[in-house]
Amino acid sequence: MAKLKILKFPSPKLRIKAKEIKDIDKKIKIKIDDMFETMYDAPGIGLAATQVDFHYRLLVADVSSEQNEPLVMINPIVNKKEGVAINQEGCLSIPGYFGDVERAKTIWVSYLDGLGNKIDSEFDGLLSVCVQHEIDHLDGKLFLDHLSEAKRQRIRKSIDKEKRQRTKSSKSNI
Ligand code: ZN
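When you line the sequence shown up against numbering that gives the first Met the number 0, it's residues 0 to 173, in that order.
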């Protein structure tokens, strides 16, 4: 297994729409293992292939506190949504920033698991939030896109400022 590099906002690659997976071959299986290692190490509760610069419809998640409930979703499709829930979200691609995002409370999703079995599942609570967040990534969307323009600008400015400061301090270290 190998730890993968996570793309950081505002990388344009985070905006690429992921392609459907036609064949769950060895390459995909290795990618799944590597994504779990990367997610647990971060640590995070979900990771989409897009975030590790692999533009296929694959995501991994585990919202358990013991990290023993791994979930693999290939080619997920949301068939039905119900209710509204607002939760504070963060993202491994936008470290240190959080925002309240409104999403569906319950979702019904069809997907393939890591072995290619077709699964239909209902998700609620944190896992519902996580799955919706990760499917957004596969469509090139970020949780920032759900925030108000003002809030998004504030975060963007703050990230730019942080970047400038990092550049400055790395220069003075030379
Ligand atoms: Zn994310």
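Even glycine gets a Cβ: it sits at the ideal position worked out from N, Cα and C.
Since we're looking at a predicted model, the values are computed, not measured.
When the distance is taken between beta carbons, is I44 closer than 8 Å to V62? For V62 and I44, yes; Cβs fall inside 8 Å.
Please enumerate, following chain order, all residues with a beta carbon closer than 6 Å to at least one heavy atom belonging to the ligand ZN. Qualifying residues, in the order they occur: C90, L91, S92, H132, H136.
At least 3 beta-carbon pairs within less than 8 Å: the stretch 126–136 vs the stretch 72–91: In this structure the stretch 126–136 touches the stretch 72–91; the number of beta carbon pairs closer than 8 Å is three or more.
Thinking C-alpha only, which one of K21, K2, F8 is nearest G113? From the listed residues K21, K2, F8, the smallest Cα separation to G113 is found for K21.
By Cβ distance, which residues of its chain are closer than 8 Å to T49, with the 5 residues on each side in sequence left out? Counting only Cβ-Cβ distances below 8 Å, and skipping sequence neighbours, we find L6, K12, L13, I15, A17, H136, L137, G139.
Determine the contact status of E88 and F142, defining contact as a CB-CB distance below 8 Å. Result yes, Cβ atoms of E88 and F142 sit closer than 8 Å.
Counting C-beta neighbours from all protein chains within 10 Å, is the total for F122 16 or more, i.e. buried, or is it exposed? Its Cβ being crowded by 16 or more others within 10 Å, F122 is buried.
Excluding the 5 residues preceding and the 5 following T37 in the sequence, name in chain order all residues of the same chain whose CB lies nearer than 7 Å to its CB. Counting only Cβ-Cβ distances below 7 Å, and skipping sequence neighbours, we find K2, L3, I5, L46, V51.
Name the one or two DSSP bridge partners that K80 has. BP columns for K80 point to I106.
Distance, Cα to Cα, D144 vs G98? Taking the straight line from one Cα to the other gives about 10 Å.
Note down the Cα distance separating P42 from R163, rounded to an integer number of angstroms. Taking the straight line from one Cα to the other gives about 26 Å.
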